[in-house]
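In terms of numbering that gives the first Met the number 0, the sequence shown is residues 0 to 187.
All C-beta atoms, glycine included, are put in the ideal place defined by N, C-alpha and C.
So the structure is just underneath, and the comments pick up after that.
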Amino acid sequence: MPPKVAVFVIGPPRSGKTFLANHLGEVSETFNTSSASSSYRPTQGVRILELERRISGNDVKRKSDAMAVQVELWDCSGNSKFYQAWPTLAPAARAVILMVGDDTKGEEMEAWNNFFSHVPSTQKLVVHLTDSSSKAKLRLGPTVSSLSIISTTWDSLETISKEFDRLLAEAVKSGDAEKEREERSIAG
């Protein structure tokens, strides 16, 4: 059975969480950046996409050329009215994608990151989706600034797909190491 990884896609409203989740989950949805604001539909609570993704076996120190990973992409609402559910949901995360908007404040990103303090920094990715004309300077805060950061346009997402596979490989390696520690502690 392939390893299972829950990846939470989090961040403020209108930062592109659903768009990115649909892209990574290969859900076809047409998207026009010029009409994005008029067709905006905020996620209510959380939407979970389930998929199987093939990643390089070498990335997770396995002998096979490629391996399957069962992925749950948790597309989480950025609306503060859902924050009260986060302490219950957050422990399920094995990897996190923090979406950043042009006007996102550093303190806000630090707070989002703190919900997932149990997830190692190697299993977190900061993504900034923007149009090609944006010259926004990101203000991320000290902890978030130390994470892997990708800034790309809405129509150029190849780099994000590669980084997503790297993120999955890190989560699988971490899960393998955790499982090994548990087995050793049981064996004595």
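Cross-strand partners of methionine 66 (DSSP beta bridge): Ile54
Where are the alpha helix (DSSP H) runs, 4 residues long or more, that stay fully inside the stretch 66-153, in chain order? Whole alpha helix (DSSP H) segments, 4+ residues: 85-88, 105-113, 141-144.
To which residues of the same chain is leucine 139 closer than 6 Å at the C-beta, ignoring the five residues directly before and after it? Non-local beta-carbon contacts of leucine 139 in its own chain, meaning distances under 6 Å to residues more than five positions away in sequence, involve Gly105, Met108 in chain order.
Where do the N-terminal and C-terminal ends of the beta strand (DSSP E) with valine 4 fall, by residue? 3-9
Closest by C-alpha distance to glutamate 162, when choosing among Ile47, Ile54, Val143, Arg46: With distances taken between Cα atoms, glutamate 162 lies closest to Ile54.
Looking at C-alpha atoms only, which residue of Pro2, Pro1, Thr17, Pro86 is the closest neighbour of valine 8? Thr17
Assumed close pair valine 118, alanine 92 - CB separation to whole angstroms, cut-off 8 Å: Contact holds; Cβ gap of about 6 Å.
Got a sec? Which residues, its chain only, sit under 6 Å from isoleucine 148 by beta carbon, not counting five neighbours each side? Cβ-Cβ distances below 6 Å link isoleucine 148 to Val125 in the same chain, with the five nearest sequence neighbours on each side left out; the list follows chain order.
Which residues in the same chain have their Cβ closer than 6 Å to the Cβ of valine 45, if we skip the five residues on either side of it in sequence? Trp73, Cys75
For asparagine 113, is the classification buried or exposed, using 16 other Cβ atoms within 10 angstroms of its Cβ as the cut-off for buried? exposed
Residue range of the unbroken alpha helix (DSSP H) whose run includes leucine 156: From DSSP, leucine 156 is part of no alpha helix (DSSP H); its letter is neither H nor E.
Own chain residues within Cβ distance below 7 Å of alanine 89, not counting five before or after: Phe114, Phe115
Can you tell me whether arginine 46 is helix, strand or coil according to DSSP? Correct three-state label for arginine 46: strand.
Applying the 10 Å Cβ sphere with the 16-neighbour rule, what's the burial state of glutamate 51? exposed
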